[in-house]
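Q:
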Amino acid sequence: MEYLKLIGIVIIVVGFVLKRDTLAVVVVAGVVTGLVAGLSPLELLNLLGQSFTDQRVATLFILTLPVVGICERYGLKHKAVDLIGSVKNATTGTVLSLYQLIRAVAIAFSVQLGGHPQFVRPLISPMAEGASEAKLGSLSEKQRDSIKGGAAAADNFGNFFAQNLFLGAPGVLLIVATMAEQGYTQVTPLSVALWSIPVAVVSLIFGLVRNILLDRRLRASTPSTSAPESGEGSVKA
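As numbered in the working numbering, the sequence shown has no gaps in its residue numbers, which increase by one up to the final residue, 1070.
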């Protein structure tokens, strides 16, 4: 009977495999687990309510939505696009490094630039390819795939490793609530955000190095036409 109490895990796994609503799956798993464990309906409701009250700090990010909406309404996203578009004579690595920096700063203020479908694919990736084409000429499919992968990585690094810099981020609030539940009441959103700064800085440095190496690989994989031409000239002379 003790193993039967683990049925909630089975319900969650099956629900995720069947791609059911996440919230509904978790609630059903919790209710079934509570009933199997011998809790009465009243005790179960009391436990759910108490858990929600203890974790209420995790819902504070809702209060930030109006502020974020106002920032985007008055052109913060468009300014970021204009800043990237104003970079001229830049390499692919420069474009991607600048985008990762902007992505990190934006997500630190909880401003979403759109991610891969809305921002990287239609804007960043073509700009990065155009920067290489301007310097290296026509690109091979392998080179284009490398640039697309670099653009996707820049978005992932900038978003994932800097999102906890925002005090109202759901991840930060979840960490604080979980630590407080375990008795670590000294953990605050500010402390979590401050400890996230070194991670964000390291990710930016790693991304910069990665993009520099990408530029080198693109140059190395581009056949040079200057040497043959000079050779032909010397023969004719």
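Yeah, the Cβ is synthetic: ideal placement off N, Cα and C, and Gly gets one too. Computed from a predicted structure; not experimentally measured.
Could you have a look at ASN922 and say whether DSSP puts it in helix, strand or coil?
A: coil
Q: For SER884, name the three-state secondary structure that DSSP assigns.
A: helix
Q: Applying the criterion that 16 or more other CB atoms from any shown protein chain within 10 Å of the CB defines a buried residue, is ILE844 buried or exposed?
A: Buried.
Q: Where does the unbroken alpha helix (DSSP H) through ALA1053 begin, and where does it stop?
A: Looking at the DSSP string, the run of the alpha helix (DSSP H) that includes ALA1053 is 1022-1053.
Q: Do ILE1008 and VAL1025 have their CB atoms nearer than 8 Å?
A: Cβ atoms of ILE1008 and VAL1025: closer than 8 Å.
Q: Does the contact criterion of 3 or more C-beta pairs under 8 Å hold for the segment 1041-1049 versus the segment 923-943?
A: yes
Q: Using a Cβ distance threshold of 8 Å, determine whether the segment 974-982 contacts the segment 930-946, with at least three qualifying pairs required.
A: no
Q: Count the other CB atoms within 10 Å of the CB of THR866; is the residue buried (16 or more) or exposed (fewer)?
A: buried
Q: Which residue spans inside the segment 988-1017 form an unbroken alpha helix (DSSP H) run of at least 4?
A: 1003-1014
Q: Does GLN951 come out as helix, strand or coil in the three-state DSSP assignment?
A: helix
Q: Of the choices ASN997, LEU868, SER973, whose alpha-carbon is the least far from that of SER1054?
A: SER973
Q: Pick helix, strand or coil for GLY871, following the three-state DSSP scheme.
A: coil
Q: Taking the straight line between their C-alpha atoms, what separation do you get for VAL944 and VAL1035?
A: Each residue's Cα considered, the two are about 21 Å apart.
Q: Contact between the segment 956-974 and the segment 995-1012 is defined here as three or more beta-carbon pairs at a separation below 8 Å; is this criterion met?
A: Using a Cβ-Cβ distance cut-off of 8 Å, the segment 956-974 and the segment 995-1012 are not in contact, since fewer than three pairs of beta carbons, one from each stretch, lie closer than that value.
Q: Who are the near neighbours of ALA870 in its chain, counting only those whose CB is closer than 8 Å to its CB and skipping five residues on each side?
A: LYS838
Q: Put PRO899 into one of helix, strand or coil per three-state DSSP.
A: helix
Q: Rounded to whole angstroms, what is the Cα-Cα separation between MET960 and PHE952?
A: Here the alpha carbon of MET960 sits roughly 11 Å from the alpha carbon of PHE952.
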